[in-house]
Structure formats: structure tokens, C-alpha cells
Amino acid sequence: MPLVEVKVIQGVFNSEEKSEMIRRITETMVDIEGENLRQVTTVIVEEVLSGDWGIGGNALTTADVHALQGRATASVVAG
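Going from the sequence shown to the numbering used here is simple: count from 1 and add 964.
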């Protein structure tokens, strides 16, 4: 009964993208382990708060990842 845990920075992926991750990871595991284990293959997508993820001693934020992806980050307008 495989368990695959995926950690991502909060706000980088929307619900549809996370669902697609779950589907594709499950398909990959089924390709490796066989169809009979599909029903017991678990994938968990866990979000880590923006700024709580560090690489090379530097905190990584949602905006940083969006910049790497070539995506624009939605700005929040104070009102």
C-alpha cells in the first residue's frame, strides 16, 4: 500500500493542478506496481506556508516560484 507525499509551497498550484498531480502520480505508481494496487495507492499533497521553505539557506515564497514558472503573481490591493 504505497503512500506518496508531495510538498508544495502554498498558493503555487490551484485545486485543479493538485488534482492532476494526484491523478498522474497514481497512474505512475499503477504503471510500476500493477492495476490491483490502484485502490490502495495514496497520494497526499501538503502545502507549506510561503516563506517556510528554504533552499540553499534562503526562504522561498509563492512569488519566487511563480517567477521561476514565468507566471505573474496576483497582487493584493490594500483597501
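The beta-carbon is built from N, C-alpha and C at its ideal position, and this holds for glycine as well. Everything numeric in this text was worked out from a predicted model, so none of it was measured.
Of SER1014, LEU1032, GLY1020 and GLY1034, the smallest CA-CA separation from LYS971 is found for SER1014. About 15 Å separates the beta carbons of ILE986 and VAL1004, which is beyond the 8 Å limit, so they are not a contact pair. The DSSP assignment places complete alpha helix (DSSP H) segments of no fewer than 4 residues inside the region 974-1010 at 979-997, in order along the chain. ASP1016 has its alpha-carbon roughly 10 Å from the corresponding atom of ASN1022. About 5 Å separates the beta carbons of ARG1002 and VAL994, which is inside the 8 Å limit, making them a contact pair.
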